[in-house]
Structures are given as structure tokens and as C-alpha cells.
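What follows is a short report on a single structure.
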Amino acid sequence: MQKLIGYIGTYESPASPGIDCFSLDLETGRLSAPQRRFAVPDSKYLSLFDGVLAAPVRRDGRAGISLLDTASPGDSPLGECLPEQSPACFVTQDERYIYTANYHEGNVLVYDKSDKTPRLTRTISIAPGAGCHQVLLTGDYMLVPCLLLDQVNIYNRSHDFTHVGTIPFEPGTGPRHGVFDGAGRRLFLVSELSNELFVYEWTDPASVRLRGITPILPQNFTSDPAPASAAIRLSADERFLYVSTRFADVITVFALDGFQATSIQQVSSGGVHPRDFILTPDGNYLLAANRTKGGLACFRLDPESGKIGALCSSVPAPEAVSVVLAQDR
1253 MQKLIGYIGT YESPASPGID CFSLDLETGR LSAPQRRFAV PDSKYLSLFD GVLAAPVRRD
1313 GRAGISLLDT ASPGDSPLGE CLPEQSPACF VTQDERYIYT ANYHEGNVLV YDKSDKTPRL
1373 TRTISIAPGA GCHQVLLTGD YMLVPCLLLD QVNIYNRSHD FTHVGTIPFE PGTGPRHGVF
1433 DGAGRRLFLV SELSNELFVY EWTDPASVRL RGITPILPQN FTSDPAPASA AIRLSADERF
1493 LYVSTRFADV ITVFALDGFQ ATSIQQVSSG GVHPRDFILT PDGNYLLAAN RTKGGLACFR
1553 LDPESGKIGA LCSSVPAPEA VSVVLAQDR
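Quick note on my numbering: the sequence shown kicks off at 1253 and runs consecutively.
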């Protein structure tokens, strides 16, 4: 039986005070029941790189980052660094550094992880309450969507994180998450407040060109609370784009033709509050992390049409807000 191992990050609560581990059967789409793997409170976003998880953590009134070895049978962290008052909402890694975005404190922190113990090396302060929601890396550059400032800030990582540009948005747009294509020429960005998909042509910070804006939800769609788009994923063949929207509780599929994005399907996320989801590398499954109800839901994907098919399985996952996948060991 071929399977993938996955990890679920959660908001801190009595029901789920850490990171859970599960497996996915790639033949049937069946999920195993998640089991507690690491006791990391408030691990609301996960990044997996070379078998090492990086996750936000809150301990004893302090917050920061925790590094965890998925190959180790124990649950003790490789190391932690706790320089913040509140946990980050987003984490990503490259070969040497960990980058975190803090929504409330309005900053980006950079940690050196070269010795397997995170060490804070840089704080990029944007503005208190900026709503920093992601760190998006492309070449020498780092993009930071600032949801509450209605802008994306651009920094040059090779020149001491100098601020080199800004992508502005109309007031009330709320840029949240983005993804680049493999060539680094197309930037797809989703807004939380206006629920729109923005497509940009990217060459460098001085020549970012808006190529299209596409609504994510049907015209005049309403919900209470208001719908809030969240995660965005690009298929491995870069023909399709997927976006989750909380409170509408749907996943929307877009077909891509160059810089044009066309909505081709919108289906239930299999639960309530899909803050995150992920696609399997083979393009056959989509796993949605539903925070409030429905848990972790696995859907069949049609790699040819890009469309979401039947619900294969679902498992309880209280407060699930992030999901990552790794190869089975």
C-alpha cells in the first residue's frame, strides 16, 4: 500500500493542543485517524523542509518558532526561539532560513536554522496591526501581503531586506496569500475581504503588471459572517488553481490559460471553515482542513479536467488550520 504521511497544525484549544500526524492511502484516498505527534501549542501553520517541521509555538506567555524532526521517534523539539508576544500566522523555510509573518504585531521575522536550532537574525517591522499574512519567496525577493494595509510589500533578501516596492490594492481588498508559477513569471494572489483572484505578470519589483481580476464567488453572494477567502494552491502541471473560502465553505477551481483564470467549479469543502488545504504531488487528491466542522476531508481530483470529484474519506481534526504532506518513511 502506497501512502503519504501528513501533519496537521491547529489553533490552541483543549481539544487539540498540538500537531497531529495522519496517513493517506494513495490507492483509495482513505485517511487514517490523526494521532498526536508533537505537543506544540498554537501551531497554527506548518512548514516542512527536508523532514523538519517549523511551526509557531506559544509557551509561558512567549511565542516564536519550534523546529521538529519528523524522523525522530520522540516529540521533543530540535530547538525553539521565543522572541514574540503572539504566535505567527504563517511560516515558510528555505535551505538556511525560516520566515514568519505575524498578523497582529505587523512584522516578519527571519531565523537562521543552520545548526538545527532557530536563531533570530532579522526583524522586519512593517506596522502594528498591518495584518501580515504570508511570506512569499521568489529569487532574491520576499513578498509580504499586508491584509489590513491593502498592499503587498516587496523586499530584497540579498540587500539586507531593503524595501524595494509595493503592490497596492483598493481599500477593503485584503490581500492574503499568493503563489508563483514555477518560472516565477506569474503571480496569483487571493484577497480575503473582496474575495477576488488577482493575476500579475512579474519580472522584478519595478515591473509588476496586473493582468486580470476574477471574482471567486458568484455575484451578490452573501453569508454571515461575510465570506473570507483563505488558501491558494497551484496544480503541479500549472493548469489549474484552487482557492478556499471560509463561511462560504467552498473550494473554487480555476482553469489557467497564460494570465487568464476562468472559474470552472465550486464545491463544498466537506466541512466548515476551510482555512487551508493541500494537493497531493500526483494531482489525484485534495485534502481540506476544516477548522470548525468536518475535520480533514479528502477529495478525489481529476488531473485532466482539474475538477474535484467524490469525497473519499474524512476524519475528525479539531481546530485544524494547516496541513502539509511528506513521503512515507
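Idealized CB from N, CA, C, for every residue including glycine.
Here the structure is a predicted model, which means the values were calculated and not measured.
Of the residues the options, the one placed nearest residue i, counting alpha carbons only
{"i": "V1519", "options": "E1490, S1487, G1561 and V1404", "result": "G1561"}
{"i": "K1559", "options": "D1489, F1506, P1477 and P1533", "result": "F1506"}
{"i": "P1380", "options": "R1371, Y1349 and Q1337", "result": "Q1337"}
{"i": "Q1345", "options": "S1318, G1358 and D1327", "result": "S1318"}
{"i": "P1427", "options": "F1450, S1265, S1299 and S1284", "result": "F1450"}
{"i": "E1357", "options": "G1258, G1383 and P1266", "result": "G1383"}
{"i": "I1260", "options": "D1433, D1528, R1485 and V1460", "result": "D1528"}
{"i": "S1328", "options": "Y1355, L1300, A1578 and G1270", "result": "G1270"}
{"i": "S1284", "options": "P1570, A1572, L1548 and D1312", "result": "L1548"}
{"i": "A1458", "options": "Y1393, L1441, V1502 and F1421", "result": "Y1393"}
{"i": "Y1351", "options": "F1413, L1401, R1310 and A1569", "result": "F1413"}
{"i": "L1544", "options": "G1522, P1570 and D1294", "result": "Note on identity: in this sequence residue 1544 is Thr, with Leu being the wrong assignment. The shortest Cα separation from T1544 among G1522, P1570 and D1294 belongs to P1570."}
{"i": "I1419", "options": "G1436, N1447, H1411 and D1456", "result": "D1456"}
{"i": "I1503", "options": "F1511, E1490, P1477 and C1550", "result": "C1550"}
{"i": "Q1517", "options": "S1557, H1525 and I1530", "result": "S1557"}
{"i": "L1441", "options": "I1484, P1370 and G1417", "result": "I1484"}
{"i": "V1309", "options": "S1446, Q1287 and P1339", "result": "P1339"}
{"i": "S1446", "options": "Q1471, W1454 and T1369", "result": "Q1471"}
Close beta carbons around residue i, own chain, < 6 Å, minus the five adjacent residues each side
{"i": "L1395", "result": "L1388, V1404 and I1406"}
{"i": "A1323", "result": "G1303"}
{"i": "P1335", "result": "G1316 and L1372"}
{"i": "L1486", "result": "V1431 and L1493"}
{"i": "A1466", "result": "Strictly speaking, residue 1466 in this sequence is Thr, with Ala absent from that position. Closer than 6 Å at Cβ, skipping near neighbours: L1449 and A1513."}
{"i": "F1290", "result": "G1270, I1271, L1320 and D1327"}
Same chain, Cβ closer than 7 Å to residue i, neighbours up to 5 away in sequence not counted
{"i": "A1488", "result": "P1533 and G1535"}
{"i": "S1475", "result": "F1499 and A1500"}
{"i": "S1366", "result": "R1348"}
{"i": "S1410", "result": "D1392"}
DSSP state of residue i mapped onto helix, strand, coil
{"i": "T1411", "result": "It is worth fixing the name first, because residue 1411 is His in this sequence and not Thr. Residue state, collapsed to three classes: helix."}
{"i": "D1272", "result": "strand"}
{"i": "P1335", "result": "strand"}
{"i": "D1312", "result": "coil"}
{"i": "F1551", "result": "strand"}
{"i": "C1341", "result": "coil"}
{"i": "K1545", "result": "strand"}
{"i": "R1348", "result": "coil"}
{"i": "Q1518", "result": "strand"}
{"i": "H1429", "result": "strand"}
{"i": "F1290", "result": "strand"}
{"i": "R1463", "result": "strand"}
{"i": "S1299", "result": "strand"}
{"i": "N1472", "result": "coil"}
{"i": "Q1403", "result": "strand"}
{"i": "R1374", "result": "strand"}
{"i": "Y1263", "result": "coil"}
Straight-line gap, residue i to residue j (C-alpha atoms, nearest Å)
{"i": "D1509", "j": "L1276", "result": "31 Å"}
{"i": "R1374", "j": "C1564", "result": "44 Å"}
{"i": "H1385", "j": "T1262", "result": "16 Å"}
{"i": "E1279", "j": "L1539", "result": "15 Å"}
{"i": "G1464", "j": "L1305", "result": "35 Å"}
{"i": "R1552", "j": "F1473", "result": "27 Å"}
{"i": "P1555", "j": "S1496", "result": "18 Å"}
{"i": "A1513", "j": "G1331", "result": "42 Å"}
{"i": "P1397", "j": "L1361", "result": "14 Å"}
{"i": "T1390", "j": "R1437", "result": "10 Å"}
{"i": "R1581", "j": "Q1254", "result": "Low confidence applies to R1581: its pLDDT is 36, below 50, so where it sits in the model is not reliable enough to give any reading."}
{"i": "G1522", "j": "L1531", "result": "15 Å"}
Integer-rounded CB distance, given that residue j should sit under 8 Å from residue i
{"i": "Y1452", "j": "L1439", "result": "4 Å"}
{"i": "V1575", "j": "A1541", "result": "5 Å"}
{"i": "N1359", "j": "I1378", "result": "6 Å"}
{"i": "K1296", "j": "C1333", "result": "In fact, because the Cβ distance is near 17 Å, the residues do not count as touching under 8 Å."}
{"i": "E1444", "j": "S1481", "result": "6 Å"}
{"i": "G1313", "j": "Y1537", "result": "About 40 Å; that fails the 8 Å criterion."}
{"i": "V1343", "j": "L1298", "result": "7 Å"}
{"i": "G1546", "j": "V1573", "result": "Their Cβ separation, rounded to whole angstroms, is 13 Å, which puts G1546 and V1573 out of contact at 8 Å."}
Close beta carbons around residue i, own chain, < 8 Å, minus the five adjacent residues each side
{"i": "A1578", "result": "L1256, I1257, G1258, Y1259, L1300, G1303 and T1322"}
is_contact[residue i, chain B] using C-beta, thresh 8 Å
{"i": "C1333", "result": "Although the question refers to chain B, the structure presented lacks it and comprises just one protein chain."}
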